[in-house]
Amino acid sequence: MKVRNKMERTRGLVLLLKDLVSPEDKELVERMDLAEVAFNSLYGAYQRHKELGEGGKEIVRQEEDVVQTHIKADIEAEEAVFQEFERWVEKNDCLLEYWAEELGRGEIIGPGGHSGDRYYGEDETFFVTLDGLDGTANFLESNLDFSYGTMLAIARGENPTYGDFEVAGVAMHEEGLIILGIKGVGVFVIDVENEKLIKLPNFEEEDYDSSKILADNYYLEARELLGDKSEIWPRAGSTAAAIVAITVGNVVKNPKFPKMNEGWQGLVEVTRKRNLEQPVLFLFSKILGGIMADESGESIKDEKFKDWGQKEKLGVFTVKSKTVLDGTRTDLSLTRVS
């Protein structure tokens, strides 16, 4: 009973966010419904991860042609997320297309569409990206500087632009935190263990500090882009951890991973693996006043998610400000100023 009461209270935290929007603003009211299902999904993944414990490290399958290991925690996190989305689709009679790391691509179709004679309009069609456990290697190892998490993002329409994503979230399992970004409302940290809700402040303008840039140098194309910085800028090993380190900063102390509180200003990486994490980075940084840009320094907000960077590995910068963007690009000898 105590566990259930705690669950209900924790889920109730996100309902408080609905008070931040006017009931007359239909668009934001509907967006808060998306925020609620996103939170419930991430909370379900968090609970499943805790239940699995060390058992989540069990290898389910290994792909020999690519260096990739699929473990129980990866798969069951996505299953927990989709349990919530299935209930939501059933209730709202809509169509939800998903791209997921473990469960692949597919659709969840509302009850009115099973017969095949129902057309779902633009406002009834949703698109979700999901990575059940971003940073699997971080989870499998111990004594690391950065953690890992479940990532998802939601947009309307069949092929949204990055700017179309309305809600995004990250569940940080080790820390017991869910970070939720809601377009037009804010980015919030929900401490699920202590039942606290914190709104993150917008990024402050600060001088560029080259020592505060994270980079993912896993791919050859990334190492070519990074040059000498490939061996200097640290790799978090998890995009979830990187974006939380950038956006949360010192607002919430992280005793398990204090490295994440060191005031990181940005992340340099390349597109890959269907870019499932990138919409989360875009929305979090955009809401807080940051920028997500390509190698030329242009925002990717108008790029179609299903098209941009899906076939080739393109450089992408997620940074707190134009000052940081210009600084990182100068460090990498990308001469055109944004």
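Residue numbers (numbering that gives the first Met the number 0): 0 to 337. Cβ atoms here follow ideal geometry from the backbone N, Cα and C, with glycine treated the same way. For clarity, every value in this text was computed on a predicted model and none was experimentally measured.
Residue i, buried or exposed, once every other Cβ within 10 Å from all chains shown has been counted against 16
i, result
"D133", "buried"
"Y118", "exposed"
"L129", "buried"
"P22", "exposed"
"K182", "buried"
"L14", "exposed"
"N158", "exposed"
C-alpha distance - residue i paired with residue j, whole-angstrom precision
i, j, result
"E53", "E75", "13 Å"
"D215", "K255", "22 Å"
"I212", "T327", "8 Å"
"S337", "D24", "Note on S337: pLDDT 44, under 50, position unreliable in the model; the coordinate value appears next. Answer to the nearest angstrom: the Cα atoms are 35 Å apart."
"I58", "A152", "26 Å"
"K228", "S209", "10 Å"
"V407", "D73", "Outside the shown range of the chain, which is 0 to 337, sits residue 407, and nothing can be said about it."
"G296", "I290", "9 Å"
"E268", "T238", "10 Å"
"V315", "S141", "29 Å"
"T322", "G112", "49 Å"
"N260", "V166", "24 Å"
"L224", "E29", "41 Å"
"T329", "A44", "40 Å"
"S332", "Y217", "20 Å"
"F145", "V243", "10 Å"
Three-state class that DSSP yields for residue i in the structure shown
i, result
"K182", "coil"
"I299", "coil"
"E106", "strand"
"W307", "coil"
"D215", "coil"
"L51", "helix"
"I245", "helix"
"D330", "helix"
"L94", "strand"
"T149", "strand"
"A235", "coil"
"E83", "helix"
"K272", "helix"
"L143", "coil"
"D24", "coil"
"R155", "strand"
"G175", "coil"
"K195", "strand"
"D18", "helix"
"D293", "strand"
"K262", "Just to set this straight, residue 262 is Gly in the shown sequence, not Lys. Residue state, collapsed to three classes: coil."
"F283", "helix"
"D133", "strand"
"E101", "coil"
Beta-carbon proximity list for residue i, same chain, < 6 Å, skipping 5 on both sides
i, result
"R273", "W98"
"G109", "V88, D92 and C93"
beta-carbon residue i near the ligand HEM non-hydrogen atom, thresh 6 Å
i, result
"K319", "No copy of the ligand HEM appears in this structure; indeed no ligand is present at all."
Cβ shell of residue i (< 8 Å), same chain only, five flanking positions each side left out
i, result
"G185", "L19, K198, L199 and I286"
Next on the checklist: Does the structure place the segment 181-194 close enough to the segment 9-27 that three or more beta carbon pairs sit under 8 Å?
Outcome noted: Between the segment 9-27 and the segment 181-194 there are three or more C-beta pairs closer than 8 Å, enough to call the two in contact.
Checklist entry - Is the segment 167-182 close to the segment 81-95, with three or more CB pairs under 8 Å? => result Under the 8 Å Cβ criterion, the segment 167-182 does not count as touching the segment 81-95, having fewer than three qualifying pairs.
Item to check | Contact the segment 292-306 vs the segment 131-146: 3+ CB pairs below 8 Å | outcome: By the criterion of at least three beta-carbon pairs nearer than 8 Å, the segment 292-306 is not in contact with the segment 131-146.
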